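Here is the structure we will look at, set down as structure tokens.
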Amino acid sequence: MMKRFMRMSAILALLIVLLPTLARAEGPYRAMPWHLVDIYWRLDPNIQSQTFQDLSMDVTIEGDPKASPPLYIAPLGLFWLGEAKAYAGLQTWLKHDSEGNRGPGIIFSRFGERRADKLKVAPGGVYESAGYEGDFISVRHGMPWSAGQYTAKLQSEPNPTAPDGDRWVSFQVCLKFENSCGKAGDLAFPNPKAALRDRMYSFVEIYDKLTDESQITPITVTFGPPKINGKIVPVMKATAIYRLDVPLRVRSFRTSEGGVKVIVGEKRPLAELPIIDGYRREQVLP
Numbered sequence: 068m069m070k071r072f073m074r075m076s077a078i079l080a081l082l083i084v085l086l087p088t089l090a091r092a093e094g095p096y097r098a099m100p101w102h103l104v105d106i107y108w109r110l111d112p113n114i115q116s117q118t119f120q121d122l123s124m125d126v127t128i129e130g131d132p133k134a135s136p137p138l139y140i141a142p143l144g145l146f147w148l149g150e151a152k153a154y155a156g157l158q159t160w161l162k163h164d165s166e167g168n169r170g171p172g173i174i175f176s177r178f179g180e181r182r183a184d185k186l187k188v189a190p191g192g193v194y195e196s197a198g199y200e201g202d203f204i205s206v207r208h209g210m211p212w213s214a215g216q217y218t219a220k221l222q223s224e225p226n227p228t229a230p231d232g233d234r235w236v237s238f239q240v241c242l243k244f245e246n247s248c249g250k251a252g253d254l255a256f257p258n259p260k261a262a263l264r265d266r267m268y269s270f271v272e273i274y275d276k277l278t279d280e281s282q283i284t285p286i287t288v289t290f291g292p293p294k295i296n297g298k299i300v301p302v303m304k305a306t307a308i309y310r311l312d313v314p315l316r317v318r319s320f321r322t323s324e325g326g327v328k329v330i331v332g333e334k335r336p337l338a339e340l341p342i343i344d345g346y347r348r349e350q351v352l353p
């Protein structure tokens, strides 16, 4: 009798520990947008002593982005220039002109700002200043991107000086091996002497028009490695992060060049990855 009681007590204690984790793992999915994966890059801390000129990343897209629900591929998905936080990438369903037309394009946004004099839109593009994601400003422009190899690049534009002594930073995406680029525009960043921090993110996101996870379309995206001032930056660590309230349909692998390949496709068993600090994580690099 005592052995049975002890066995039942042990099972109950195990359930008390595991049930919160199981509930998080099997709970309902969040509303859009869905970050299918975030790649966290921890970079050589010595970059924080370098004068910022440019930040770039090569990205290779395989598959048909147009067949997917609205897709956001962000090589420069989140970065810090001094205290200012921003992100930039490519979207398949972007409102990109003054007529409200939607289609493939590029986007560059900065948090913590709302003033329209802190942005310059490339000819034919549009901007947004809003507060639904916290205060932010954003420049957008149409670009007929699809499967292919691209370079996403942020570049400091010291002249002319932006308002309040800020500096302009431009964002463009170029088709590799061809003289073809699209520019979203420029955003003003405070403190012209500010350096990049030694961490950044890339991500793949679905942000609209999805009614069932089975609509997630197979696609492969290869990121990186990051380049600062034209040179590849040593990556101390790269981690793939998967949110608990989003379907687990991504596998991430290191590449021989020191980047990360993300394969979006079939549903992945939840038990493959541990939950650490509220997320599923797997280290990709080194």
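Residues are numbered in the numbering used here as their position in the sequence shown, beginning at 1, plus a constant of 67.
Glycine included, C-beta positions come from ideal geometry on N, C-alpha and C.
In this text, all values refer to a predicted model and were calculated from it rather than measured experimentally.
Are there 16 or more other CB atoms within 10 angstroms of the CB of residue i, so buried, or fewer, so exposed?
i	result
glutamate 180	buried
phenylalanine 244	exposed
phenylalanine 238	buried
glycine 232	exposed
serine 165	exposed
isoleucine 128	buried
tyrosine 199	exposed
lysine 185	buried
arginine 234	buried
Relative to the ligand FMN, is the shortest distance from any of its heavy atoms to the C-beta of residue i smaller than 7 Å?
i	result
arginine 169	Absence of the ligand FMN from the depicted structure is noted, as is the absence of any ligand whatsoever, leaving it without description.
Can you look up residue i in the DSSP assignment and give me helix, strand or coil?
i	result
glutamine 216	strand
alanine 151	strand
leucine 340	coil
proline 136	coil
isoleucine 283	coil
serine 223	strand
proline 112	helix
lysine 185	helix
aspartate 275	coil
proline 142	strand
proline 230	helix
aspartate 312	coil
aspartate 105	strand
valine 300	coil
Look at residue i and residue j and say whether their C-beta atoms are less than 8 Å apart.
i	j	result
leucine 143	leucine 122	yes
valine 126	alanine 219	yes
valine 236	tyrosine 217	no
leucine 157	phenylalanine 119	no
isoleucine 106	valine 302	no
proline 137	isoleucine 273	yes
leucine 242	alanine 155	no
alanine 141	phenylalanine 270	yes
alanine 255	alanine 214	no
arginine 316	glycine 332	yes
glycine 192	histidine 163	yes
How close, in whole Å, do the beta carbons of residue i and residue j come, if the pair is a contact with beta carbons under 8 Å?
i	j	result
lysine 187	glycine 252	5 Å
glycine 291	methionine 124	5 Å
alanine 262	isoleucine 114	7 Å
proline 132	isoleucine 286	7 Å
arginine 182	alanine 153	In fact, because the Cβ distance is near 15 Å, the residues do not count as touching under 8 Å.
valine 351	arginine 321	5 Å
aspartate 275	tryptophan 160	6 Å
proline 353	lysine 294	Contact doesn't hold; Cβ gap of about 18 Å is too wide.
proline 257	proline 225	No, proline 257 and proline 225 are not in contact; Cβ-Cβ is about 14 Å, not under 8 Å.
So, does the CB of residue i fall closer than 8 Å to a CB anywhere in chain C?
i	result
glutamate 280	Going by chain labels, chain C is absent from the structure shown, which holds only one protein chain.
Pairing CB atoms from the region 108-120 with CB atoms from the region 266-273, are three or more of them under 8 Å? Enough Cβ pairs lie closer than 8 Å, so yes.
How do the region 199-216 and the region 162-176 stand: do at least 3 beta-carbon pairs fall below 8 Å, yes or no? yes
Three-pair Cβ contact test at 8 Å for the region 295-311 versus the region 332-350: yes
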